[in-house]
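> Residue 11 in full-length UniProt numbering sits at position 11 of the sequence shown; the count goes up by one each step and never skips. Idealized CB from N, CA, C, for every residue including glycine. Predicted model only: the values in this text are computed from it and were never measured. My questions will all concern the structure given below.
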Amino acid sequence: MQQFTEKIVNMMQQEKLYVSQGGPIILSQIENECGNVEWAYGAAAKPYVNWSASMAASLETGVPWIMCQHDDAPDPIVSACFFSWSLFVCLFMFNSL
Numbered sequence: 001m002q003q004f005t006e007k008i009v010n011m012m013q014q015e016k017l018y019v020s021q022g023g024p025i026i027l028s029q030i031e032n033e034c035g036n037v038e039w040a041y042g043a044a045a046k047p048y049v050n051w052s053a054s055m056a057a058s059l060e061t062g063v064p065w066i067m068c069q070h071d072d073a074p075d076p077i078v079s080a081c082f083f084s085w086s087l088f089v090c091l092f093m094f095n096s097l
């Protein structure tokens with residue numbers, strides 16, 4: 001995972017795609033919905049989450065890193081939860097009635 005993440009970040013930096021370089025990328029995501037399955041990995045989950053957060057932050061992209069579906073992402077990673085646009089529209093319309 002580290003080699004892959006470093007490769008992608010390096011490619012983005014070389015092309016100056018991060019907003020800190022004048023590009024359009026405003027954030028980066030490390031892990032996807034790890035919080036939803038963390039319980040299945042028991043004691044090994046927390047060290048992995050901490051490692052992946054530390055590794056991502058060390059890449060110094062100049063934009064925030066997020067973890068989706070993770071209630072307690074380690075600093076400086078932002079905990080995030082995204083809904084699909086269609087779900088958002090359905091919830092908004094239902095609550096507006």
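By a C-beta neighbour count over all protein chains shown, 10 Å radius and 16 as the cutoff for buried, is residue 16 buried or exposed?
exposed
> I'd like the list of long-range same chain contacts for residue 93, defined as Cβ closer than 8 Å, with 5 residues on each side in sequence excluded.
Here the model assigns residue 93 a pLDDT of 49, short of 50, so the residue's position is not dependable, and the following value carries that caveat. Here the set comprises nothing.
> Buried or exposed for residue 113, going by 16 or more other Cβ atoms inside 10 Å?
This structure does not reach residue 113, given that the chain is present from 1 up to 97, and the question cannot be answered.
> Please state the DSSP three-state secondary structure of residue 30.
In the structure shown, residue 30 sits in a strand (DSSP, three-state: E or B).
> Please give me, in chain order, every unbroken run of the alpha helix (DSSP H) with length at least 4 that falls completely inside the UniProt domain "Glycoside hydrolase 35 catalytic" (1–81).
2–14, 34–37 and 45–58
> Do you know how far the Cα of residue 78 is from the Cα of residue 21?
21 Å
> Select from 59, 66 and 11 the residue whose C-alpha is nearest the C-alpha of residue 33.
Here the closest residue by C-alpha is 66.
> Just the Cα atoms here: how many angstroms apart are residue 99 and residue 10?
Nothing can be reported for residue 99, as the shown portion of the chain is limited to 1 through 97.
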